[in-house]
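Novice: For what it's worth, this note's numbering labels the leading residue of the sequence shown as -11, then goes sequentially.
Once you've had a glance at the structure underneath, I'll fire off some questions.
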Amino acid sequence: MIGKLRSLVLCLLTLSVLALMYTQILPIIQERLSPAPVITGHTSMNTVPAVRATARIQNNLILTVKRASGETETIVKKGDPWTANLAKLILNMLLGGHYGGTKQPFTYTDGSTGTIFDTELLVYWNGATYGNPSFAIGIGNGTAPFSVNDYALANEVMLSDVPADYVSFNDNGTCYNINVTQSFTVSSDINVTEVGLFIKVDSDPGNSNTQKYLLLARDVLDSPITLYANDTISIQYVLYFPYGSQPFTKQFYGLLLNYFFCLRSLGTPISFKCTDGTSTSRNDFANDYKTGTYSSGDVATEHLYTWLGNGSSISWSFDNYTLLSKIGESPSDTPFSLTYNSTHAILSVTITYSFTSPTTITEVGFVIKDIDIDSTIDHNRKSVLILYFVLDNPVYVESGGTFKFKCEIVLPLAG
């Protein structure tokens, strides 16, 4: 009898524990394991699931060796790795980092650092022009493994500026393509083990010109290439920039390619539109000059702001240059931040807005304000939409409610 009572008590206790787990503990576990719900209204916080987009920039390498005897051989490598310098350029100069307080220094080949370079086109008294970045290619015989933190070749042997005639640009309607080629003829025997793609820039954002080289890509060859006296090696970088997917607009690629990939110095810049419909192909990053002198009032300060809109019956387009129906913008700049590892970089930002009246949101844009599209020492400030999102579903925010939006841009570097 006592045994039966003991079994009954244990059974009741077990049922009580199970009831407790079902009514109290299980919901807590489910809440922690389940993804955050998509909230569409009637709450104090309206959250759009994090939006992640990948900026794919493919870098292929073609090496052609021409022997003094006339024989030739060709080596092709796909997926040449980028350095973190590229991610830092995008952060600092396109996504608000330099002026918004999230900047990260990139490193020039001489070991010095910067967070912005000067693209103001200057014509000096002797006719020399500076301002537009240009390409350079280098070869070396260092054997250190590639690292995204590389800022120079491990052991540079030759570095040469690439003439504009050796750079070509093409747009096939879905992808921009840039080919950069340089040749080196050696006077003595060397083993080529590494090659690099550089841009030459004015590193001084003030009132002087200091040309420096910035390493964008470095490749350590699988096997050394032995060059003998009078042999020639041709280095060709074939760069692909697929476009046409949300959120990257034509303005994003225009600024990226015109400056970081030297289309302005080539003479074939991408033309795009400012938010007021004005067409341009330039922005004077950093400082302007006035009658040969510099003053703090002439500093170009490109800040990244967020715009919200409630346009109806809208669809995303690569050519979008403004919101269909803007209803507001962030009260202060909203710069991205950067984290990276050995294979990729992530540029991210989270924006939060409070509303005093009911609002419906259907579109979100990131806008660089106050870029200077004037090609002289004067100023012509405009705004440019570089990232544009059309939300999958409208988000309704009640009076006193809050809207939250997180964006992540993935930039593959290596691997």
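We treat Cβ as the ideally placed atom computed from N, Cα and C, and that holds for glycine.
Given a threshold of 16 other Cβ atoms within 10 Å of its Cβ, counted over all protein chains shown, does S303 qualify as buried or as exposed?
Specialist: Taking the sequence shown and counting its residues from 1, the one referred to as residue 303 is at position 315. Under this definition S303 is an exposed residue.
Novice: Measuring straight from C-alpha to C-alpha, what distance separates S176 and I127?
Specialist: The sequence position of residue 176 within the sequence shown is 188, counting from 1. The sequence position of residue 127 within the sequence shown is 139, counting from 1. So the two alpha carbons sit approximately 14 Å from each other.
Novice: Thinking D321 and G84 are a contact (beta carbons under 8 Å), I'd like their distance in whole angstroms, please.
Specialist: Position 333 of the sequence shown, counted from the first residue, corresponds to residue 321. Position 96 of the sequence shown, counted from the first residue, corresponds to residue 84. About 6 Å; that satisfies the 8 Å criterion.
Novice: Specify, as a first and last residue, the run of the alpha helix (DSSP H) that L254 falls within.
Specialist: Translated into the one-based positions of the sequence shown, residue 254 becomes position 266. Its alpha helix (DSSP H) spans residues L251 to L254.
Novice: Hey, how far is the Cα of Y96 from the Cα of L203?
Specialist: Numbered from its first residue, the sequence shown carries residue 96 at position 108. Numbered from its first residue, the sequence shown carries residue 203 at position 215. Their backbone Cα atoms lie some 7 Å apart in a straight line.
Novice: If we count the other Cβ atoms within 10 Å of its Cβ and call it buried at 16 or more, is T62 buried or exposed?
Specialist: The sequence position of residue 62 within the sequence shown is 74, counting from 1. By the neighbour-count rule (16 or more Cβ atoms within 10 Å), T62 is not buried but exposed.
Novice: For C(-1), which residues of its own chain have a beta-carbon under 8 Å away from its beta-carbon, when the five flanking residues on both sides are left out?
Specialist: For this step, residue -1 is matched to residue 11 along the sequence shown. Residue placement at C(-1) is flagged as unreliable, the pLDDT there being 48, under the threshold of 50; a coordinate-derived value is accordingly withheld.
Novice: Please look up how many angstroms separate the CB atoms of P121 and K188, rounded, as I've assumed it's under 8 Å.
Specialist: Taking the first residue of the sequence shown as 1, we reach residue 121 at position 133. Taking the first residue of the sequence shown as 1, we reach residue 188 at position 200. Confirmed, Cβ separation roughly 6 Å.
Novice: Between F240 and the rest of its own chain, which residues show a CB-CB distance below 6 Å, the 5 nearest in sequence each way excluded?
Specialist: Numbered from 1 along the sequence shown, position 252 holds the residue referred to as residue 240. Correct list, in chain order: I374.
Novice: Give the range of the beta strand (DSSP E) segment to which Q234 is assigned.
Specialist: Within the sequence shown, residue 234 is the residue found at index 246, counting from 1. That residue, Q234, is in no beta strand (DSSP E); it is neither H nor E in DSSP.
Novice: By a C-beta neighbour count over all protein chains shown, 10 Å radius and 16 as the cutoff for buried, is Y225 buried or exposed?
Specialist: Taking the first residue of the sequence shown as 1, we reach residue 225 at position 237. Counting Cβ neighbours within 10 Å, Y225 comes out buried, since at least 16 surround it.
Novice: Count the other C-beta atoms from every protein chain shown that fall within 10 angstroms of the C-beta of R55, then say buried if there are 16 or more, exposed otherwise.
Specialist: Position 67 of the sequence shown, counting from 1, holds the residue named residue 55. That one is exposed.
Novice: Would you tell me roughly how many angstroms separate the C-alpha atoms of Y201 and G184, rounded to the nearest one?
Specialist: If you number the sequence shown from 1, residue 201 lands on position 213. If you number the sequence shown from 1, residue 184 lands on position 196. Y201 and G184: Cα-Cα distance of roughly 11 Å.
Novice: Suppose you measure from the CA of D444 to the CA of Y376; what does that come to, to the nearest Å?
Specialist: Lying before the first or after the last residue shown, residue 444 is absent from the chain, which here runs from -11 to 403.
Novice: Where does I78 fall in DSSP's three states?
Specialist: One-based indexing of the sequence shown puts residue 78 at position 90. DSSP places I78 in helix when its eight states are reduced to three.
Novice: Just reading off the beta strand (DSSP E) that G88 is part of, what are its end residues?
Specialist: What you label residue 88 is simply residue 100 of the sequence shown in a count that begins at 1. No beta strand (DSSP E) contains G88, which is instead part of the alpha helix (DSSP H) from G85 to G88.
Novice: Short check: CB of T104 to CB of M81, under 8 Å?
Specialist: Your numbering for residue 104 matches position 116 in the sequence shown. Your numbering for residue 81 matches position 93 in the sequence shown. The amino acid occupying residue 104 in the given sequence is Ile; Thr does not appear at that position. Yes, the Cβ-Cβ distance between I104 and M81 is below 8 Å.
Novice: Does the Cβ-Cβ distance between Y309 and T107 come in under 8 Å?
Specialist: Numbered from its first residue, the sequence shown carries residue 309 at position 321. Numbered from its first residue, the sequence shown carries residue 107 at position 119. Against a cut-off of 8 Å, the Cβ pair of T107 and Y309 comes out as no contact.
Novice: Using C-beta distances below 6 Å, list every residue in its chain close to H86, excluding the 5 sequence neighbours before and after it, in chain order.
Specialist: Taking the first residue of the sequence shown as position 1, residue 86 is located at position 98. Within the same chain, H86 has close Cβ partners N80, T103 and I104.
Novice: Taking the C-alpha atoms as reference points, what is the distance between C262 and Q170?
Specialist: Start at 1 with the first residue of the sequence shown, and residue 262 comes out as number 274. Start at 1 with the first residue of the sequence shown, and residue 170 comes out as number 182. So the two alpha carbons sit approximately 35 Å from each other.
Novice: Helix or strand or just coil, what does DSSP make of K392?
Specialist: Position 404 of the sequence shown, counted from the first residue, corresponds to residue 392. K392 falls in the strand class under three-state DSSP.
Novice: Which first and last residues belong to the beta strand (DSSP E) in which L147 is found?
Specialist: Mapped onto the sequence shown, residue 147 falls at position 159. Counting along the chain, the beta strand (DSSP E) containing L147 begins and ends at E144 to D149.
Novice: For V337, which residues does DSSP report across the bridge?
Specialist: Numbered from 1 along the sequence shown, position 349 holds the residue referred to as residue 337. DSSP output for V337 lists C395 as bridge partner(s).
Novice: Going by beta carbon distance, what residues of the same chain come within less than 8 Å of N129, once the five residues before and after it are set aside?
Specialist: Taking the first residue of the sequence shown as 1, we reach residue 129 at position 141. Result list for N129: N143, V145, I178, N179, V180, T181, E182 and P212, in chain order.
Novice: Among I125, L49, L77 and I223, which has the Cα closest to the Cα of S191?
Specialist: Here residue 191 corresponds to residue number 203 of the sequence shown, with the count starting at 1. Among I125, L49, L77 and I223, the Cα nearest to that of S191 belongs to L77.
Novice: How long is the line joining the alpha carbons of S429 and S259, rounded to whole angstroms?
Specialist: Beyond the ends of the chain as shown, which are -11 and 403, falls residue 429; an answer cannot be given.
Novice: Exposed or buried, which one is R206 when buried takes at least 16 other CB atoms within 10 Å?
Specialist: Locating residue 206 in the sequence shown gives position 218, where the first residue counts as 1. Flag for R206 reads buried.
Novice: Find the nearest neighbour of L401 within the set R40, V39 and D138, judged by alpha-carbon distance.
Specialist: Position 413 of the sequence shown, counted from the first residue, corresponds to residue 401. Looking at the Cα atoms, D138 is the closest of the given residues.
Novice: The beta strand (DSSP E) that contains Y139, what's its start and end?
Specialist: Start at 1 with the first residue of the sequence shown, and residue 139 comes out as number 151. Here Y139 belongs to no beta strand (DSSP E), and DSSP marks it neither H nor E.
Novice: Taking P151 as the reference, which of V136, N167, S345 and G161 has the closest Cα?
Specialist: Translated into positions along the sequence shown, residue 151 becomes position 163. With distances taken between Cα atoms, P151 lies closest to N167.
Novice: Within 10 angstroms of the Cβ of Y216, are there 16 or more other Cβ atoms? Answer buried if so, exposed if not.
Specialist: For the purposes of this step, residue 216 is identified with residue 228 of the sequence shown, where counting begins at 1. Classification of Y216: exposed, given that the 10 Å Cβ count is below 16.
Novice: Could you work out which residue in T266, K65, D307 and G88 is closest to F326 when comparing CA atoms only?
Specialist: Numbered from its first residue, the sequence shown carries residue 326 at position 338. It is Leu, not Phe, that sits at residue 326 in the sequence shown. It is G88 whose Cα lies nearest to the Cα of L326.
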